[in-house]
Structures are given as structure tokens and as C-alpha cells.
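All remarks here apply to the structure that follows.
Protein chains in written order, with the working numbering: chain G, 1006 to 1346; chain L, 1006 to 1346; chain A, 1006 to 1346; chain D, 1006 to 1346.
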């Protein structure tokens, strides 16, 4: 059985593990203040071309979103996101657990639009309603789609106009930026977003996400919030060493390109068979629409996720590739697709 | 410079890293539901002789305490602890951040006593005050002291009488149970505590703590709370593999014994010099009282923590050993102590 | 200018004020434990025929909802409501501020249906999502509509099946039960709802709502939660005396019938003119659809609320009557409606 | 039985009730934005000589403290108070329920000192501990003592030096300012405090406290927080009318002077008998130390509170007078004191 269930089924990229092995018994400072972690921070700042950004290495995606929104919002302030936003659907109410309402709006291709943002903010007019304060986007989105530069500029302009912050969940950011046709680069992000994180867990690390805080108002006391919400590792260097390697010579983007390329192998096979898609993507997630017979055929050898049953009896499913997907596995799936009923 | 600053300065025990390396590229289930994690759960249950206990592998100490108390308490319910309790002093208000008051009482040798517990509960009589509901203890305590079986039985009896739960923070539990003179075993814990955790971060793991929930009332929906508070790793197997090794053949207790033995090397040197102690311990933390000249002398080659300046001009300091402390380092410190002014 | 803006523009019914005057200088027990408050509790229990219900007199609607949901839910548990539910739209995130996600579903005529409840619960399958635990309904709804006995039975059955509690916001409960065609009585409520409140603020009191907790699991420590959330008045008798009068001889239902009758005067005038309605109601709220010319005409002498601009240029507006609406005011509005363009 | 149990046993001053009666059936704006409420705001600003202060009329003391601290603090920030502070002891964890740690320090005569404030702040040095941000004082204190101008200036200076806000709970502020020897006036408060409230509940109102926010950083969105925490009354004018009367021509200070004078009648009787005091006060609370025989004698005809049993078998008790205490009642108690064994 070969799994295409998600992008967190394997451990870390071998070079990451090597680095952890190499430094394992050297003594170093705790709580993420060690030299290697600080060097990883520098690598992030260099990558995005923003020397004044604050960088914090965090444990995982839900923790990162929870800490960021706890830090950025006052109790009556809300975050706006697409209805499929991870914070809205799959974080067990973590943001509400921190006291904040999530205002969800209909997504377009999995994405928040400036128009939807403006529309929901316009209905929040006085102190009997929450005050929308942060716009949350995932890039790549939960549906594998990618924000274009124009879309991000439109969101940035809307946020500026509305007095809001723009925050990007980048659990799959490298896959997004590495995707074909993406016109956004790391260097664009500090101008477009007030804060965002670069995902490690789904891109070669055992665990860890690199939070980047750009807007000066969002910086103060962020480490207090990390600790306050249980997100500060005593051995912070465990994450630091991983990002140090991932960012050292573009490994993170190499890994994302590989994940995308493996998805492309599968995508091509699906397209060749004329299989329709629930949503069109260029990243490491694919959402083809299969017949029951096709699902039965493929599920003999491959693990994938049922995404959404459709009214006509067919089913949208999800295949996910990753940095760890061997090309032979992608080819095997492509072959099976070619042979499926 | 040799550091005796804390017990989280190094990475993981080599066997732990080996196990992570070995399973690194095999695909497995996420969120801690993989086979190795489930096997680690079984090992915990076997270790404590309690097949019906629930086990959850968590990320770190603050996160573990935060999740447990979030799960165990209603909003008006409070946790009682010694004034030096970690949740009271060094978790940046994480428990209050989850909405609960901490009632702190004067510690005796770093420990909560049944008498102090009864006394504070007695003053909480009606709905204008919080309702004390969980007694929190750290074992070993923040001052390196260890609860005796009698002390734990007295706390258990008090909790039963008062309608309270007893929860143990076991960040240094193995060191406590491995310490000379300790008459408590793992098998005692499920009878004494309603929940507790076995610390990994400070005892050979890169990160991770094994939460054990014994009381049936505290079990429901615990995994929801883990996710809700940002403590669920996508690659939960990262912690599972570590505990699988640590618990496989008694490694965790071997490591704790080593840490304690290294502390004993230093303790003996201090005692031989007639150095007084701020508090007497049998675990991996030492709190000698040094003169300024002694501090100056030792700090040339060794890192240690200033704990508390004393009125007479001397200073209580803290030396911490760990599973990773090479015997030659402990000997080097012992030698320096013998030579200090 | 005669206001039909809402049902909280005037003070208290004269008999209520008289009672407050009469007892004003007698000394009595604080925090709602005085004799008159306890008698008001008894009157509530008699009214609903449920001697074992717990009654708590609270300050206002948001506070009542906030306290109830804080008391009833664990942190990962969510409340389901219609998208127009007051807690979802007009309480400034108070429920989220208490840590709980609100799952909103499309309303039917302002009401939550058993089908919508079942559908959203069905999508919440594991610990990565919140656990739906309370179904919230407002009766009368925010759109002035009333739940029928069949609708409530269907919701009760769904809640039983789904392991959920049914909670009713009764800010306008008397108006609902007094409305023409309503087949639900006070005596039905303890069998149908696990908890609900009987609104005072909008039905003759200066302030105050009577919370009724029926389900034994929801009763413990409710007074702690009232205090914990700032809802316990030192002079609790201020609310007690008001409910004592309102419930003494059916005054609360007399007031609700008056409010409904005044609405009927206006409704009849609108119907006579062939004015369409945004939603059909039988309570003290009316939602006619007016042309701009009609709005301009009526707004010269009457205050009312713009509810929702419609695509065709017309506007749904809201007229609200109350216990305090003089018949001449309702007639004046009816006359103007007859004369409007 | 004549009660000296507390200062909230009676309703409102007759003039307050008259005003409520007079405006009862006039229609007015909701949520505290009516003309009379706004006039009450103006009266507060005039009283304290601070035209730029924001004023918010709130429901009660716990609610006021809860809302203020929710508005003023970020999640990792703490409030420092004397150990006897109301928020620390008798608000059922409301402040912690809003997510904030309370750092309590030993009180001197019921008061927080600048020295104790500096000392506790000095121990909070990094992100592993909460950040002390607000100093909380009650004036009069929970022990009936009053802050002198020098004491408040010292606290102000400490707060300025430490980057903290000074917040005063004024549940009994009028009694404090009206007390013999008090050298602080209303006009001093805006210079000394960043925010404070003037208590109504214990000084002639049915309910209500007037929150004053002076520091510009604490003003934004305060009304959102009132609503978010359930403290906004639909009929806000109910509190507005009361403060309008209490502040119109000095009534609030007249009432406080009366309460203090009645306490003085009792105090003189106790002093004449040589009864010692647990703490010396000049306000409406008295804490004499009685023998069991004296308690038995007095409790036949008078209600008072057992405050604290003393080691020598005697008991500190509390007598509280109020605006509503008839002189004959105070005299009756004084007479009984003269006759007690």
C-alpha cells in the first residue's frame, strides 16, 4: 500500500536528520536562543529580504496560528477567513479557545477574496458586533490553490483600507511559491503580509514552522505569547537545526519542487484519462473526481482521502504528494490511473 | 565551558536518535495514532501496571500542564500548588490564560503538603471564591526534592476527602523515582494520582512528555483538548518513537540513574568541602550556597545558575546534571570544588 | 416622534416600579438570596410546572447566554445556532470570548431546524473539529417567528439522538407563547429544553432574565459561573422584586399579549394596504417591505429600523411594539400606513 | 434584627427612585447612549475636572473590574494587587477567567504599597514569567482603609517607572474621599490613576458603577469590551438616571458622609469601651475585636459579619454602615456596645 493521504506521513529529510545527529551532544542554550536557531532566523530574513522581521520557530501549524492570533487580536476582535480555512474547520476551535470569533466567508477556489473581505467587514458596524481585525489566508490554500500577486495585492489594499492585518498560514508555502505559474516570491511577502509562517512539518522537517512577524505593532512580547500558549520548547534548537538545514542552500524549495513534480506526474495521468477535477491546482494536492469503480480500483494499492461525495454519485478525492514521495510511487499511481476502469 | 545550567542542553540519547533514523522514511499514520506511538502507550501502561490508563504523548511541559488543567477544570475551578510550582512561576500565566486561578500555598522543601492543601481549601467556602479542584505537585519538585510514599498518601487522602484530583507534573519523574531513598515506584502512581506525566524532554528525548490519565472522569475527549490547545503534532510519531525506545528496556530509568549519579559526584565534593545547601536533594539538581569567591572561581570553567542571593552575601546556586553529563565533566566540577577558595 | 425601534425603550411596568418602591428601604440578603428573589424562583417553577428546576435571576440577555454556555460547555465543545442567532451576530463575540466556537447553519424563517442541526453535526466526526454539544434557539426568533410544538419536539429528538443539550434564549419568550397560533405552553418547556430563560428586560422589567436549568447535569455550581462572569448583582433583589411582580398573577403574559395586540394593529394596516412582508410573524416584531417613498413618509413621525435593503430597491424594515406601546401610538402608525403613498 | 452586614442591603436612595419613576415611560435610546446617561457622563467629568476622560456606566463591581482588566491587558500581562484585593479573593476567579494572572503581594493595612509593587515586578524578568502591567488598588480598601495622597503619588511614580497602569476599584470611593483625614479629592484622581470607577451600588444606587478611563491608550473600543463580557444593559438608562441624580448636586458625597458618620457613632462607642480594632479605619467599615460574650450579646439584636477568629479566642468582626443606616440604628448599636459585657 502506497499512501498519498497527506504530506506528513514520513519523518525528516535525511540532511535534516544528519544535522540533528551532528549537533546532538553539543551543549547549547535553551528555548530557541541557541546559535543555530538564531542563524536560522537570519536565513529566514535573508530569504525574504527583510532584515527587520522578527522570526520565531514554532512547533506546529495549529500552535502557530493560535499564538499569532492570540498575539495580534484584542478580545473583541475577529479574524476573517475563507470558509474552508484551516482555523475554521480543522483546529478544534483553537482560535475561539483563545477567545476570538472567526468570521468565515464563501471561498473562491479555496481562497479569500478582497471582495468577500470588504463585504463582511461592511456589515460589522458597531460595538454589538465583533471588530474584524485580521484577514487569514492559507497559501497554498486547503484546496491546493495558490494566491497570485494580484490577489495578494488586492487583499493588502483591502486590509490597508479597512485597518486590518493580513496573516498568511504557510503550512504549504514552499509548495505554493514553487508551483508552476506562481508569480509571487519570498521577497514579496514582507510587503504583502503583516505576518506569515513558512511551514516545515509538511516540507522536510520532523516538526516546526517559522513564524515571520513584519508589522512593528505585532512584534512586542511575541515570545511571551509563545510561552503563554505552551508553544515554547525547552530544546528549541530541535527546530532551529532543521530550519538551518532547510534554508541553508534552498533545500526547502528543492523539496517543494519535488513534491509538486510528483503531483504533476499524477495530474498528467489523470488529465490523460480525462478525469475531471473538483478544483484545479498546481501544488502537491490533487482533487480529481472519480467514479466508484475507479476508487475501488485505485484503493487496492493506494491510500488517498475521500474529500467530498458529489450529488451525481461520483466522489472528489484527494491525493497528496510530498518531498518524500519516491518517483516510482508517483509513476505507479500514474500507471494505475491509466489502467483504471 | 561546561554547562550545568539545566537538563535540556543536549539533544536526544543516541539510541533515541537511531530509532528516529531507522523509521524515518516509512510511511505512517499521523497525529500520534501510528503503531509505534500506540506501542509506546502500551509500554507506559505496562510500566505503571495500569492497563486501563489513557496515555497521550505531548510536546512539552507547559503544554502538558496547560492541556491537562484545561481538560480537568471547569472555569470557576482552581488548582492548588506550592508557591514555587512551575505553573505558578515559570509558565507565563499559561494556566490563567486557560481561565483558571492558581491558589499557591507556602511550600515545604519545595513540596505541597496535605496540611497546606486542607488549609487553603477550608477558606474557600462559597460561590464568591473559586472552587479548588486539582492539587498540582511536581515530582521531583522545582527544588529537586522528592515526595515520599507517605507524603503522597497523605495528599491522596486529602484529595479524596476534599473532592479533588491529584495531578503530578513529572518533568523529572524518572530522576525522582531513581533517587536514593525514594520509596515510590511507577506502580504506585496510578493509585496515588488521578493523572500525571512522565517527562521525556529532560530525560533523553528531543521533546515529549507522556501524559497518563487514570481517573475515568478525566479521560473523555482528552485528544480534543490536545488539538484545541495546539498540542497535537501532525507527525506525532516523532514523540512516539522516542518514548518507544526510552521505555523499551528501562532506558529512561538508566538515564535518570546516570543523571542522579553525576549529581552525587558533585554533591559529594560539595559535602566534602563543607558547603551548605539551600535545600537537600537526592536528584539531579543541587542547590549549594557559595561565597562570591567560590562563584567567581567556578564560573571560569562551569556554567551554573544563580538561584537566590542570600541576606548574608552568599548565594544559593543551582547545578543540574542530566543523562548526557559525561562522568569526566562531573569529575572536573568535583575537582574544581575541591580546589575552590 | 413615536419610536417602534425596539422593545427596550421604556423603563418598567408601573406595578414593577411600585414593588421596588415598596420594598426599597427594608434590609435584605444580598446576591439574590433574599426572600423575594426566592419567591420569584418558586413562581417560575410553578409557572412551568417543574418543581425541581433551578432558577437564577440574571442581568441581561448577553450575560445570560454567556454564563449558560460557559457553564454548559467544555472548551472544545461548540454551540450550534441559526445564522441569525443573537449569539452569532450581535453579542460581540461573547461566546467565543468564553472560548467556544459557534457553528452557524442557514436559518429557516429565522429558526434552527432539526435537519440543519443533524447535518452540521454529521460533518463533525473527530478530534480535529469541535464537538457540537448545545443547540441554541431563540424563541421568538430574531425574526419574530415562533417555534411550534412539532418543531421543538423534532429538535428535542435530534438533541437526544446526538447527545446534545437544547438551550432556548427567551428574551421574547412571553411574546412567543402569547402569540396567535402558538401551541407551546410554559409547561411544555421543561420537557423540551434542558435550559432556557424567560426574558424580563423586553417584557416589563428594568432589567433581568430568569434562567431555568432543567437538566441535572447542567445544574452544578451555576452560581459560581454567574459570579465568575461578572453577572451576580450585590443587590440581587433588584431583579427578584421585578420577577416577583411579573409572575405574580400572569402580568408577564398580559404584557406580552398587549405587545402582540399592538403589533397586530399595525400588521392589519399593512396587510390592508397589501404591503408584503420579509418574514411573517405573529409576535411583537414586524418586517414589512416598503418602498422608499413609504419609508420617507412614515419616518417623518415614526422611528423604525432599516433591516435589509432588497435588490429591487425596496427595503425590509422592522417595527417593534412592546408592553409599553400605547394603543393610540399603534393606531397612529396604522393610520399613517393607510395614508402612505 | 438590625443589619450591619454590608452596604448593599437596601435599595436606592429615594431621590434616585423618584428620578427613575419620573422618566419611566419616556422613550429613549438604548445601551447607555440616551441623553440622561450622557449627562451623567458629563457630571462625572465635571466632578473630576477631566473633560477628556471617557466614562462608562457599568452594572456592578466584578463586572467593572473584569471588563477593565480585559480591556487593559494582553494575555501574558498580569495585574498586581494586595493579597486581600477583591479581584484576588472574592470574584470567583473572574480575572483569571479572562485569562490574566493576578500577582498578589502582602498588604499593609489592606493597601498595596509602592515598595511591594516594585519588589514583585523586579522578580519578573523574562518571557517565562508574566509581565506585570496593571497595579490594582481598592479605595477604600477591603479593610476600610484609605490611600493618602502620598501613597497614591508613590504608586503613580512606581507605575510610571515600571511602565504600568494604575487602576482603582472605587466600590467605596465616595466613602474614602469623604472620610476624616483624607487628603485626596476627586480632582486628584485623573492625575493619579489611569482608570478607576466610582461606585454606585454601595452608595445609593440600585446597581451601577461609573468607570472612568483617563489614559488614552486604554480608551479604544472599551464599549466593545463591555458588550463582549456581557456588561451592556439594553436599558442602560437605568444606570444613567441613577448616576445623574447621585452626581447632580453632591448627593453621592452626602450619602458617603452619612455612612461614615454612622460608622463614627459606632466607632466612638467601641472606643469608649476600649474595644481594640483589627485595623483602624475612617470609613463605613469597622473591624473591632470582640470577646465571645460580646459577640453573643450583640448578635441578639444586630447582624454583623465574623471576619477572622484570632489565636487568643477573640474574634475580629465587621460592622458596615451605609447611606441608608438610620441614625437611630447606629445609636441602638452604640447603646448596646456600651452595655455589652
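Glycine included, C-beta positions come from ideal geometry on N, C-alpha and C.
Test item: CB-CB of residue i and residue j under 7 Å
{"i": "residue 1343(G)", "j": "residue 1274(G)", "result": "yes"}
{"i": "residue 1101(A)", "j": "residue 1106(G)", "result": "yes"}
{"i": "residue 1209(L)", "j": "residue 1177(L)", "result": "no"}
{"i": "residue 1228(A)", "j": "residue 1041(A)", "result": "no"}
{"i": "residue 1309(L)", "j": "residue 1346(L)", "result": "no"}
{"i": "residue 1297(L)", "j": "residue 1015(G)", "result": "no"}
{"i": "residue 1069(D)", "j": "residue 1185(D)", "result": "no"}
{"i": "residue 1312(A)", "j": "residue 1323(A)", "result": "yes"}
{"i": "residue 1191(A)", "j": "residue 1173(A)", "result": "no"}
{"i": "residue 987(G)", "j": "residue 1233(L)", "result": "Given that chain G is displayed from residue 1006 to residue 1346, the structure contains no residue 987(G) and the question cannot be resolved."}
{"i": "residue 1163(A)", "j": "residue 1112(A)", "result": "no"}
{"i": "residue 1215(A)", "j": "residue 1062(A)", "result": "yes"}
{"i": "residue 1135(D)", "j": "residue 1067(L)", "result": "no"}
{"i": "residue 1326(A)", "j": "residue 1277(A)", "result": "no"}
Cutoff 7 Å: residue i Cβ touching any chain L Cβ
{"i": "residue 1032(G)", "result": "yes"}
{"i": "residue 1185(G)", "result": "no"}
{"i": "residue 1050(A)", "result": "no"}
{"i": "residue 1133(A)", "result": "yes"}
{"i": "residue 1221(D)", "result": "no"}
{"i": "residue 1228(A)", "result": "yes"}
{"i": "residue 1046(A)", "result": "no"}
Inter-residue CB distance, residue i and residue j (contact presumed, cutoff 8 Å)
{"i": "residue 1007(G)", "j": "residue 1338(G)", "result": "7 Å"}
{"i": "residue 1235(D)", "j": "residue 1036(D)", "result": "Contact flag wrong, Cβ pair sits at about 13 Å."}
{"i": "residue 1064(A)", "j": "residue 1238(A)", "result": "6 Å"}
{"i": "residue 1265(L)", "j": "residue 1183(L)", "result": "6 Å"}
{"i": "residue 1223(A)", "j": "residue 1152(A)", "result": "Actually they do not touch by this definition, with Cβ atoms about 20 Å apart."}
{"i": "residue 1117(A)", "j": "residue 1110(A)", "result": "7 Å"}
Cross-strand partners of residue i (DSSP beta bridge)
{"i": "residue 1061(A)", "result": "1216(A)"}
{"i": "residue 1320(L)", "result": "1295(L), 1314(L)"}
{"i": "residue 1174(D)", "result": "1143(D)"}
{"i": "residue 1168(G)", "result": "Bridge partners of residue 1168(G): none, in fact."}
{"i": "residue 1136(A)", "result": "1082(A)"}
{"i": "residue 1201(L)", "result": "1173(L), 1217(L)"}
{"i": "residue 1008(A)", "result": "1308(A)"}
Residue-level contact to chain G via CB, residue i, 7 Å cutoff
{"i": "residue 1129(D)", "result": "no"}
{"i": "residue 1233(L)", "result": "yes"}
{"i": "residue 1316(A)", "result": "no"}
{"i": "residue 1178(L)", "result": "no"}
{"i": "residue 1139(L)", "result": "no"}
{"i": "residue 1239(L)", "result": "yes"}
C-beta neighbour in chain A for residue i, strict 7 Å
{"i": "residue 1347(L)", "result": "For chain L, the structure presents residues 1006 to 1346; residue 1347(L) sits outside this window and is missing."}
{"i": "residue 1099(D)", "result": "yes"}
{"i": "residue 1061(L)", "result": "no"}
is_contact[residue i, chain D] using C-beta, thresh 7 Å
{"i": "residue 1106(L)", "result": "yes"}
{"i": "residue 1170(G)", "result": "no"}
{"i": "residue 1224(A)", "result": "no"}
#### Entry: Residue ranges of each alpha helix (DSSP H) within the stretch 1023-1058 of chain D, 4 or longer
1040-1053
### Task
Can you check the stretch 1074-1116 of chain D for any alpha helix (DSSP H) of at least 4 residues that lies completely inside it and give the ranges in chain order?
Taken in chain order, the complete alpha helix (DSSP H) segments of 4 or more residues contained in the stretch 1074-1116 of chain D are 1091-1094, 1099-1102.
### Contained beta strand (DSSP E) runs [length at least 3] in the stretch 1232-1313 of chain A, N- to C-terminal order
Fully enclosed beta strand (DSSP E) runs of 3 or longer: 1282-1284, 1290-1295.
### Task
Please specify which runs of the beta strand (DSSP E), each continuous and at least 3 residues long, are wholly inside the stretch 1322-1346 of chain A, giving them in chain order.
none
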